[in-house]
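Position in the sequence shown (from 1) plus 10 gives the number in the numbering used here. To keep things clear, I will list the structure first and then write my remarks on it.
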Amino acid sequence: MIGRLNHVAIAVPDLDAAMRVYRDQLGADVSAPVDLPEHGVTTVFVTLPNTKIELLGCFGPESPIGSFLERNPAGGIHHLCYEVADLVAEVDKLRGEGARILGDGRPKIGAHGKPVVFLHPKDFLGTLVELEEA
Ligand code: CO
């Protein structure tokens, strides 16, 4: 069972420009960039009163968002992240029901230092879903 919406992620071609949009135009609280080499992305978090926005830029040539940005050169919504209480139990349940977990299916440490997995968009209404242990 999923809980709170932790964040909405937006892949962007230019992270500095995206930070300026959220900080200077929209007046939001914008974090410093953090490189996540294991995930091939650099992340910036925008903290809103009820959730967060994750701005995703490419890190390295093998970035998993590279092909997304080729299809969406101006950027676009990339994934939704929901919190779960017990990630391993949730993954076991979903896999038992036939849902596909991306990568090797094992949780990785995500942008908040907590375990995450990504679920195949074809199994979830065309939306890439990240589950994060709360
Ligand atoms: Co995310």
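Note that the Cβ used here is the ideal one computed from N, Cα and C, for glycine as well.
Exercise for the section: Assign residue 58 to one of three DSSP states: helix, strand, or coil. Expected result: To locate residue 58, count along the sequence shown from 1; it is residue 48. Of the three classes helix, strand and coil, the one that applies to residue 58 here is coil, per DSSP.
Exercise for the section: Can you have a look at residue 65 and say buried or exposed, based on whether 16 or more other CB atoms are within 10 angstroms of its CB? Expected result: Your numbering for residue 65 matches position 55 in the sequence shown. Buried: at least 16 other Cβ atoms inside 10 Å.
Exercise for the section: Write down the C-beta distance between residue 90 and residue 18 rounded to the nearest angstrom, noting that I regard them as a contact closer than 8 Å. Expected result: For the purposes of this step, residue 90 is taken as residue 80 along the sequence shown, with counting starting at 1. For the purposes of this step, residue 18 is taken as residue 8 along the sequence shown, with counting starting at 1. That pair is a contact at about 6 Å.
Problem - Validate contact between the segment 93 to 100 and the segment 72 to 79 using beta carbons, cut 8 Å, 3 pairs - result: no
Exercise for the section: Let me know if residue 142 comes out buried or exposed under the rule of 16 or more other beta-carbons within 10 Å of its beta-carbon. Expected result: Taking the sequence shown and counting its residues from 1, the one referred to as residue 142 is at position 132. With 16 or more other Cβ atoms within 10 Å, it is buried.
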